[in-house]
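Scroll down for the structure; my scribbles are underneath it.
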Amino acid sequence: MPGAEGLGPAEGVPAAGTRRRRALLLWLGASLALLAGYRWNAWGAAYPEAFATTQRDTEGLVFGRLLDAEAHGFLAHGALLGFAGELREDLLTFDSADLWARFTPEAQRLFYLQGARLRAYGPYLTHSGLQGSAFVLLDRALGFLSRPARLEVFATLQAALVAAAYAALAAFLWHELGLGAALGALLVAGASPWLTCFAPNLYFSIWLFWLPGLALGWALRDPARAHEGRRLFLASFLGFLPRMLAGLEFMTATASLAAAPILYLSLRDQVGARAFLRRTLVAGAASALALVLSLGLLAFQIRALTGSFEPALQHIQHSWARRAGNDPSGMPPVYAEAMRTELRTVLRFYLTDPFDRDYPVKPPVVRWFLARTPAELGLAMLAAAAWLALRTRRLPSAARRSAVGLLVAVAAALAGVLAWLVVFKAHSALHPHVNPLLWHLGFLVLGGALGGWALEDGLRALRRRPERAAAAA
Numbered sequence: 002m003p004g005a006e007g008l009g010p011a012e013g014v015p016a017a018g019t020r021r022r023r024a025l026l027l028w029l030g031a032s033l034a035l036l037a038g039y040r041w042n043a044w045g046a047a048y049p050e051a052f053a054t055t056q057r058d059t060e061g062l063v064f065g066r067l068l069d070a071e072a073h074g075f076l077a078h079g080a081l082l083g084f085a086g087e088l089r090e091d092l093l094t095f096d097s098a099d100l101w102a103r104f105t106p107e108a109q110r111l112f113y114l115q116g117a118r119l120r121a122y123g124p125y126l127t128h129s130g131l132q133g134s135a136f137v138l139l140d141r142a143l144g145f146l147s148r149p150a151r152l153e154v155f156a157t158l159q160a161a162l163v164a165a166a167y168a169a170l171a172a173f174l175w176h177e178l179g180l181g182a183a184l185g186a187l188l189v190a191g192a193s194p195w196l197t198c199f200a201p202n203l204y205f206s207i208w209l210f211w212l213p214g215l216a217l218g219w220a221l222r223d224p225a226r227a228h229e230g231r232r233l234f235l236a237s238f239l240g241f242l243p244r245m246l247a248g249l250e251f252m253t254a255t256a257s258l259a260a261a262p263i264l265y266l267s268l269r270d271q272v273g274a275r276a277f278l279r280r281t282l283v284a285g286a287a288s289a290l291a292l293v294l295s296l297g298l299l300a301f302q303i304r305a306l307t308g309s310f311e312p313a314l315q316h317i318q319h320s321w322a323r324r325a326g327n328d329p330s331g332m333p334p335v336y337a338e339a340m341r342t343e344l345r346t347v348l349r350f351y352l353t354d355p356f357d358r359d360y361p362v363k364p365p366v367v368r369w370f371l372a373r374t375p376a377e378l379g380l381a382m383l384a385a386a387a388w389l390a391l392r393t394r395r396l397p398s399a400a401r402r403s404a405v406g407l408l409v410a411v412a413a414a415l416a417g418v419l420a421w422l423v424v425f426k427a428h429s430a431l432h433p434h435v436n437p438l439l440w441h442l443g444f445l446v447l448g449g450a451l452g453g454w455a456l457e458d459g460l461r462a463l464r465r466r467p468e469r470a471a472a473a474a
């Protein structure tokens, strides 16, 4: 009731229309602020050198695709990503290390800017390369612009989509849990050097990692609407399919971020165990269908190159083995060494490696945050969870369910990170320069929201102590 202790973010709630307008304004403002950081490193979140060079070699796969489509047509080489070069003939290999060695990945951007006509192409067979096809179409639509201008549009669009995704999450958190949760998520997302470096990258398209979760959250936002199962299936399928067509990297993290809104909204709305299980099964079936279709399309693309489906099956098996396999025999040395790395060594590195070190431009509180390890920040989140446990009896039922739902969402995001590190141990051992991004995609951002909620609630409780003392007297 109004005036009760511990109402939390719901206290003084304005009309629903007003809250929606405020959420929209928050989304717009947060999108612009994050875009400035993600596209131009305006807030100094990343080292300038890292911001300018991170994963330029992998991004070269998209530029190679642009060159190949320009020279040979949209469907050339199965419309797969790849590298263009001056070899005498195309290179068809299952071993991406060989692909990287035979071509010049970092030069692909320069080749594109020069409009180079290169003879050979090395297709990247790991996934369908949706991002490459999308940029080919955009490149043709913007043909009236110079190549540097087109490249600026590409990178800005990528950064804007990432900013919009995290701003949408912040707006949702503000609407559900209050300003503290929203600001906590935004501060972590904006201060993250990993998100800042990867946001404008044309290959990674990290906004797609959040697409299934945002789509499912939208589908479940109103439990009273009819045809929930149909909406849920479509949201899951249409959210996961683009992500899978653009790559299967960090798929356990993507799945956990998709599970987060199901967990949160099921707890918030008290739908019961049966309804929660039904939601999970429907979303899981839709994502499985998306996976089957993405692998099927990849098989047809490889068949277009080789004339047979057998190489497609062999490559899918090889891709799984070098990322998650435990038998190094018969594998190239670089993958065999990664497979032999002990799991505890991999986990120790990812749990104890700070995200950033001693970058003097950042404010002290940001430097402190980025100097912490995932294990240390996990302990901080446990402290926020302990505060929630202490406050449970004083929070109204709706506020308590929302806070517990956020805590469960954080746990789901953590499970997604750990699942990738364990199941895909070899991939994690081989990519310490990329895989720390896992922590930043969702776990730390949602953890920031949990910490922001706990801080706001704690300040509110302290403010009310004199009121309670006066009432007792």
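To convert a position in the sequence shown, counted from 1, into this note's numbering, add 1. Backbone N, C-alpha and C define an ideal beta-carbon position, used for all residues, glycine too. In this text the structure is predicted, and so the values were computed from the model without any measurement.
For this session: Under 8 Å by Cβ, that's how I've got residue 263 and residue 442 pegged, so tell me the actual separation to the nearest angstrom.
Result: Looking up residue 263 in the sequence shown gives position 262. Looking up residue 442 in the sequence shown gives position 441. Their Cβ separation, rounded to whole angstroms, is 18 Å, which puts residue 263 and residue 442 out of contact at 8 Å.
Problem set entry | One or two residues paired with residue 83 in a DSSP bridge | Residue mapping note: residue 83 aligns to position 82 of the sequence shown, counting from 1. Under DSSP, the beta-bridge partners assigned to residue 83 are 124.
Problem set entry | Separation of residue 227 from residue 355, as counted between CA atoms | For the purposes of this step, residue 355 is taken as the residue at position 354 of the sequence shown. For the purposes of this step, residue 227 is taken as the residue at position 226 of the sequence shown. Take the alpha-carbon of residue 355 and the one of residue 227: they are about 47 Å apart.
Exercise. Pick from 334, 221, 324 and 296: whose alpha carbon is nearest that of residue 283?
Worked result: Looking up residue 283 in the sequence shown gives position 282. That would be 221, whose Cα lies nearest to the Cα of residue 283.
For this session: Could you pull out every residue in the same chain whose Cβ sits closer than 7 Å to the Cβ of residue 272, ignoring the five residues on either side in sequence?
Result: Within the sequence shown, the letter at position 271 stands for residue 272. Answer for residue 272: 224, listed in chain order.
Exercise. What separation, rounded to the nearest whole angstrom, lies between the Cα atoms of residue 98 and residue 336?
Worked result: Translated into the one-based positions of the sequence shown, residue 98 becomes position 97. Translated into the one-based positions of the sequence shown, residue 336 becomes position 335. Using only the alpha carbons, I get a separation of about 9 Å.
For this session: Would you identify the three-state DSSP class for residue 272, choosing helix, strand or coil?
Result: Within the sequence shown, the letter at position 271 stands for residue 272. Coil.
For this session: Please look up how many angstroms separate the CB atoms of residue 259 and residue 214, rounded, as I've assumed it's under 8 Å.
Result: Numbered from its first residue, the sequence shown carries residue 259 at position 258. Numbered from its first residue, the sequence shown carries residue 214 at position 213. That pair is a contact at about 5 Å.
Exercise. DSSP on residue 310, reduced to helix/strand/coil?
Worked result: If you number the sequence shown from 1, residue 310 lands on position 309. Residue 310 falls in the coil class under three-state DSSP.
Exercise. For the putative contact between residue 204 and residue 62, defined by C-beta atoms under 8 Å, what is the C-beta separation to the nearest angstrom?
Worked result: Mapped onto the sequence shown, residue 204 falls at position 203. Mapped onto the sequence shown, residue 62 falls at position 61. That pair is a contact at about 6 Å.
Problem set entry | Beta-carbon proximity check, residue 84 vs residue 123, cutoff 8 Å | On the sequence shown, position 83 is the one that residue 84 refers to. On the sequence shown, position 122 is the one that residue 123 refers to. Yes.
For this session: Under 8 Å by Cβ, that's how I've got residue 103 and residue 82 pegged, so tell me the actual separation to the nearest angstrom.
Result: Start at 1 with the first residue of the sequence shown, and residue 103 comes out as number 102. Start at 1 with the first residue of the sequence shown, and residue 82 comes out as number 81. Not quite, the Cβ-Cβ distance comes to about 15 Å (not below 8 Å), so this is no contact.
Exercise. Buried or exposed: which applies to residue 86, given that a residue is buried once 16 or more other Cβ atoms fall within 10 Å of its Cβ?
Worked result: Taking the sequence shown and counting its residues from 1, one reaches residue 86 at position 85. Buried.
Problem set entry | Per-residue DSSP class, three states only, for residue 318 | Position 317 of the sequence shown, counting from 1, holds the residue named residue 318. DSSP places residue 318 in helix when its eight states are reduced to three.
For this session: Mind the definition here: the segment 371-388 touches the segment 149-163 only if three or more C-beta pairs lie below 8 Å; say whether that holds.
Result: The segment 371-388, when compared against the segment 149-163, does not touch it at the 8 Å Cβ threshold.
For this session: Grab the span of the alpha helix (DSSP H) containing residue 370 for me, first residue to last.
Result: Locating residue 370 in the sequence shown gives position 369, where the first residue counts as 1. Here the alpha helix (DSSP H) through residue 370 covers 365-371.
Problem set entry | Alpha-carbon to alpha-carbon, residue 408 and residue 288 | The residue given as residue 288 occupies position 287 in the sequence shown. The residue given as residue 408 occupies position 407 in the sequence shown. Each residue's Cα considered, the two are about 24 Å apart.
Exercise. Which term fits residue 4, buried or exposed, when burial requires 16 or more other beta carbons within 10 angstroms of its beta carbon?
Worked result: Translated into positions along the sequence shown, residue 4 becomes position 3. Low per-residue confidence applies at residue 4: pLDDT is 35, beneath 50, and the placement is therefore not dependable, though the value from the model is reported in the following sentence. Looking at its Cβ environment, which holds fewer than 16 other Cβ atoms inside 10 Å, residue 4 is exposed.
Exercise. Could you give the residue range of the alpha helix (DSSP H) that holds residue 54?
Worked result: Counting from one through the sequence shown, the residue named residue 54 turns up at place 53. 49-54 is the extent of the alpha helix (DSSP H) around residue 54.
Exercise. Considering only C-alpha positions, which residue in the set 80, 142 and 120 is nearest to residue 134?
Worked result: Your numbering for residue 134 matches position 133 in the sequence shown. Nearest C-alpha to residue 134: 80.
Exercise. How about residue 501 and residue 38: are their beta carbons less than 8 Å apart?
Worked result: Given a span of 2 to 474 for the chain in the structure shown, any question on residue 501 remains unanswerable.
For this session: Give every residue of the same chain whose Cβ lies closer than 7 Å to the Cβ of residue 72, excluding the five residues on either side of it in the sequence, and list them in chain order.
Result: Taking the first residue of the sequence shown as 1, we reach residue 72 at position 71. Cβ neighbours of residue 72 beyond the five flanking positions: 118.
Problem set entry | When 451, 200, 188 and 238 are compared against residue 401, the one with the closest alpha-carbon | Your numbering for residue 401 matches position 400 in the sequence shown. Closest option to residue 401, Cα to Cα, is 451.
For this session: Could you tell me if residue 375 is buried or exposed, where buried requires 16 or more neighbouring beta carbons within 10 angstroms of its beta carbon?
Result: Position 374 of the sequence shown, counted from the start, is the residue given in the question as residue 375. With 16 or more Cβ atoms within 10 Å of its Cβ, residue 375 is classed as buried.
Exercise. By a C-beta neighbour count over all protein chains shown, 10 Å radius and 16 as the cutoff for buried, is residue 10 buried or exposed?
Worked result: In the sequence shown, the residue the question calls residue 10 occupies position 9. Note that residue 10 has pLDDT 45, beneath the 50 cutoff, so the model's placement of it is unreliable and the number below is only indicative. Buried: at least 16 other Cβ atoms inside 10 Å.
Problem set entry | Runs of alpha helix (DSSP H) lying entirely within the segment 23-77, each at least 4 residues, in chain order | 49-54 and 57-73
For this session: Tell me whether the beta-carbon of residue 146 lies closer than 8 Å to the beta-carbon of residue 113.
Result: On the sequence shown, residue 146 is found 145 positions in, with the first residue counted as 1. On the sequence shown, residue 113 is found 112 positions in, with the first residue counted as 1. It is not a contact, given that the beta carbons lie outside the stated cut-off.
For this session: Quick one: residues in its chain with C-beta nearer than 8 Å to the C-beta of residue 431, no 5 flanking neighbours on either side, listed in chain order?
Result: Here residue 431 corresponds to residue number 430 of the sequence shown, with the count starting at 1. So the list reads 335, 336 and 339, once near-sequence residues are dropped.
Exercise. How many whole angstroms separate the CB atoms of residue 253 and residue 420, which I take to be in contact at a CB cut-off of 8 Å?
Worked result: Start at 1 with the first residue of the sequence shown, and residue 253 comes out as number 252. Start at 1 with the first residue of the sequence shown, and residue 420 comes out as number 419. With a Cβ gap of about 4 Å, residue 253 and residue 420 count as contacting.
Problem set entry | Boundaries (first-last residue) of the alpha helix (DSSP H) holding residue 435 | Mapped onto the sequence shown, residue 435 falls at position 434. Per DSSP, residue 435 belongs to no alpha helix (DSSP H) and is neither H nor E.
Exercise. So the alpha helix (DSSP H) residue 224 belongs to, where does it begin and stop?
Worked result: Taking the sequence shown and counting its residues from 1, one reaches residue 224 at position 223. Taken as a continuous stretch (DSSP letters only), residue 224 belongs to no alpha helix (DSSP H), as it is neither H nor E.
For this session: Tell me whether the beta-carbon of residue 60 lies closer than 8 Å to the beta-carbon of residue 202.
Result: Taking the sequence shown and counting its residues from 1, the one referred to as residue 60 is at position 59. Taking the sequence shown and counting its residues from 1, the one referred to as residue 202 is at position 201. Contact: yes.
For this session: Give the DSSP-derived three-state secondary structure of residue 207 in the structure shown.
Result: Position 206 of the sequence shown, counting from 1, holds the residue named residue 207. Looking at residue 207 - three-state DSSP - the assignment turns out to be coil, as it is neither helix nor strand.
Exercise. With 16 other CB atoms within 10 Å as the buried threshold, where does residue 390 fall?
Worked result: Indexing the sequence shown from 1 puts residue 390 at position 389. That one is exposed.
For this session: Pick helix, strand or coil for residue 403, following the three-state DSSP scheme.
Result: In the sequence shown, residue 403 corresponds to position 402, counting from 1. If DSSP states are grouped into helix, strand and coil, residue 403 belongs with the helices.
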